[in-house]
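Below is one structure, written out as structure tokens; comments come after it.
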Amino acid sequence: MPNPSLLILPGDGIGPEVMAEVRKIIDWFGANQGLKFDVSEDLVGGAAYDVHGVPLADETMAKAQEVDAVLLGAVGGPKYDNLDFSLKPERGLLRLRKEMDLFSNLRPAQCFDALADFSSLKKDVVAGLDIMIVRELTSGVYFGEPRGIFEEGNERVGINTQRYTESEIERAARSAFELAMRRNKKLCSMEKANVMESGVLWREVVTRVGKEYPEVELSHMYADNGAMQLVRAPKQFDVIVTDNLFGDILSDCAAMLTGSLGMLPSASLGAPMANGRPKALYEPVHGSAPDIAGQGKANPIACILSFAMALRYSFDQGAEADRLEAAVEKVLADGVRTADLLGEEGVTPVSTTQMGDAVVAALDASL
Ligand code: NAI
Ligand code: MG
Numbered sequence: 001m002p003n004p005s006l007l008i009l010p011g012d013g014i015g016p017e018v019m020a021e022v023r024k025i026i027d028w029f030g031a032n033q034g035l036k037f038d039v040s041e042d043l044v045g046g047a048a049y050d051v052h053g054v055p056l057a058d059e060t061m062a063k064a065q066e067v068d069a070v071l072l073g074a075v076g077g078p079k080y081d082n083l084d085f086s087l088k089p090e091r092g093l094l095r096l097r098k099e100m101d102l103f104s105n106l107r108p109a110q111c112f113d114a115l116a117d118f119s120s121l122k123k124d125v126v127a128g129l130d131i132m133i134v135r136e137l138t139s140g141v142y143f144g145e146p147r148g149i150f151e152e153g154n155e156r157v158g159i160n161t162q163r164y165t166e167s168e169i170e171r172a173a174r175s176a177f178e179l180a181m182r183r184n185k186k187l188c189s190m191e192k193a194n195v196m197e198s199g200v201l202w203r204e205v206v207t208r209v210g211k212e213y214p215e216v217e218l219s220h221m222y223a224d225n226g227a228m229q230l231v232r233a234p235k236q237f238d239v240i241v242t243d244n245l246f247g248d249i250l251s252d253c254a255a256m257l258t259g260s261l262g263m264l265p266s267a268s269l270g271a272p273m274a275n276g277r278p279k280a281l282y283e284p285v286h287g288s289a290p291d292i293a294g295q296g297k298a299n300p301i302a303c304i305l306s307f308a309m310a311l312r313y314s315f316d317q318g319a320e321a322d323r324l325e326a327a328v329e330k331v332l333a334d335g336v337r338t339a340d341l342l343g344e345e346g347v348t349p350v351s352t353t354q355m356g357d358a359v360v361a362a363l364d365a366s367l
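The sequence shown begins at 1 in the UniProt record's numbering and counts up by one.
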């Protein structure tokens, strides 16, 4: 059997800095657990524009379609702000998501005990929190037609269309049920079926797919109430599935329950490939952080935890994903902090590299 393949796209700003730490982790699993990957690296975003004049070269796109998983750092930066819309670094990322047809976006919100004080909510509301939001990523109001700004009488009208087909809802729902089966068999679907027909259809299709998963306890909630419940009592949830727009907002909201942007991983999954693995892109939630780029201050944990998600969802290495997450938890419990995680007085922050090294040391200690 060939080694599983991994395409690494560090991107811009702090992307390459955090990815360098992930490379250490990947090497650790190869050296210590016999988990060898065929790793290749390429350009995306501004880094690709600088070399190829486009934010994602066709060859890179083709490579992304072939590998078992793509791991991306971050794209963008002030240097590229004045580029034509179609050449902006973000377009490289959007092209990957679109052409790989990554319809299911997994955003965990997990509160590490050592960081519970960091949340804007009371400690007992978030301590031990571990939920997952599944956001439909390729359809809905961000893509529906008609869209645009049109003349209407003597004024203009801005139009976007919320549009979901049954099959689009069905595949998102199915990926959420599959996830619920691997976790605690509890799924809450959120829409606004009270005021939106697309929400009525969403609820109907999710309910129908749910019949195939009788073990999963399915509930439905209006998304506005969902937002309220997320900040009131987030631990009532396990897996949440919702559409693109509500998912964009609810996942940011849920994620921030746990503290820093520097801690948040994500996965975007598509249909299964010939080898049974889903098309997959893993990336931290944060951007290229130009304000701290090049200073060794970036927290690499979001990117490291994104690789843990790859271990779990692309490579069926759940135990090794647990090991990596436990290593991160230990490092945090030991008080190791990058600058973004400073709350307490008198703690000296570690650098990006030192944080990566600390996670590797915790992995060593786990053997
Ligand atoms: P950002 O996520 O890059 O930064 C927001 C704030 O969080 C900054 O103060 C930054 O220093 C801090 N931060 C982010 N990640 C951190 C980390 N790992 N460790 C420590 N601190 C961290 O978002 P912003 O500033 O809105 O955007 C900056 C650039 O990134 C823009 O060009 C934007 O388009 C791009 N961007 C790219 C994304 C992606 O590649 N997926 C997502 C969001 C923004
Ligand atoms: Mg967002």
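Idealized CB from N, CA, C, for every residue including glycine.
Pick from A193, E212 and E215 that is closest to G226, judged by C-alpha positions | A193
From A64, S86, S40 and I26, pick the residue whose C-alpha is nearest to that of Y49; which is it?
-> S86
L245 beta carbon less than 8 angstroms from that of Y142 | yes
Does the segment 119-130 come close enough to the segment 289-306 to have 3 or more Cβ pairs within less than 8 angstroms?
-> no
Under the three-state reduction of DSSP, which class applies to V209: helix, strand or coil?
-> helix
Reduced DSSP secondary structure (H/G/I, E/B, other) of L83 | coil
Which partner residues does A74 have in the DSSP bridge list?
-> G11
Should residue 377 be listed as close to the ligand NAI, given that the test is whether its C-beta is under 7 angstroms from any heavy atom?
-> This structure cannot speak to residue 377, because the chain is shown only from 1 to 367.
With a threshold of 16 other CB atoms inside 10 Å of the CB of I159, please say whether the residue is buried or exposed.
-> exposed
Compute the distance between the beta-carbons of H286 and L257, then report whether it is under 8 angstroms.
-> no
Supposed contact pair M309 and P265 - C-beta distance, whole angstroms, cut 8 angstroms = 5 angstroms
Out of curiosity, what's the CA-to-CA distance linking I26 and R107?
-> 22 angstroms
Which one of S104, L121 and V347 has the shortest CA to CA distance from C111?
-> L121
Can G77 be considered in contact with the ligand NAI, in the sense that its beta carbon sits closer than 7 angstroms to one or more heavy atoms?
-> yes
By the 10 Å Cβ neighbour count, where 16 or more other Cβ atoms means buried, how is S189 classified, buried or exposed?
-> buried
Range covered by the alpha helix (DSSP H) that runs through M221 | Note, M221: premise wrong, no alpha helix (DSSP H); beta strand (DSSP E) at E217 to Y222.
Burial state of M1 (16 or more Cβ within 10 Å) = exposed
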